[in-house]
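full-length UniProt numbering numbers the first residue of the sequence shown as 1 and each following residue consecutively.
Glycine included, each C-beta is placed from N, C-alpha and C at the ideal position.
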Amino acid sequence: MIAAQKNSRPAATSFIGVLRRAAFVAPNSFYQVLYVQVLEAPFVKKQAEITVVGRFGQLKVGQAYRFIGYWQTRARFGNQFRAVDYQEVREDLHGQE
Numbered sequence: 001m002i003a004a005q006k007n008s009r010p011a012a013t014s015f016i017g018v019l020r021r022a023a024f025v026a027p028n029s030f031y032q033v034l035y036v037q038v039l040e041a042p043f044v045k046k047q048a049e050i051t052v053v054g055r056f057g058q059l060k061v062g063q064a065y066r067f068i069g070y071w072q073t074r075a076r077f078g079n080q081f082r083a084v085d086y087q088e089v090r091e092d093l094h095g096q097e
C-alpha cells in the first residue's frame, strides 16, 4: 500500500515504461488513457502492462517515458496510474549502444 502524505493525497512515485498504445484521447483536451509496458518500477513486475491516465502532449508509441504520479482506483475502471508529470527517456535501458 502507498502511504498518504499529510494533505491526504497519495504519495508520489515513478516508473519507466514503453508506450504501447493510447486507448482514449480526449478531442478537446490533452487527457489520455494509455497502455504502458513497464521497464523499471518498484511496485509491479517488469513487462507488466498498466493503465496510465493524465494530460500529455504528443507521445510516440514505442518510446520509453518516466511517469511520475500516484495510484488511484476507479469503480468503473479499476487501478490506474495517475501521471502528474512525465519525461521522455533517452538513455539505453537494455545495456546496448
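| Query | Result |
| --- | --- |
| Would you mind giving the Cβ-Cβ distance between residue 14 and residue 55, rounded to the nearest angstrom? I have them listed as a contact below 8 Å. | That belief does not hold up - the Cβ atoms of residue 14 and residue 55 are roughly 17 Å apart, past 8 Å. |
| Please state whether the Cβ-Cβ distance between residue 33 and residue 61 is less than 9 Å. | no |
| Using the beta-carbon count (16 or more within 10 Å), is residue 75 buried or exposed? | exposed |
| Can you tell me whether DSSP reads residue 57 as helix, strand or coil? | coil |
| Run through the DSSP bridge pairs and tell me what residue 14 is partnered with. | 68 |
| Can you check whether the C-beta of residue 24 is within less than 9 Å of a C-beta belonging to chain C? | In the structure shown, chain C does not exist; there is a single protein chain. |
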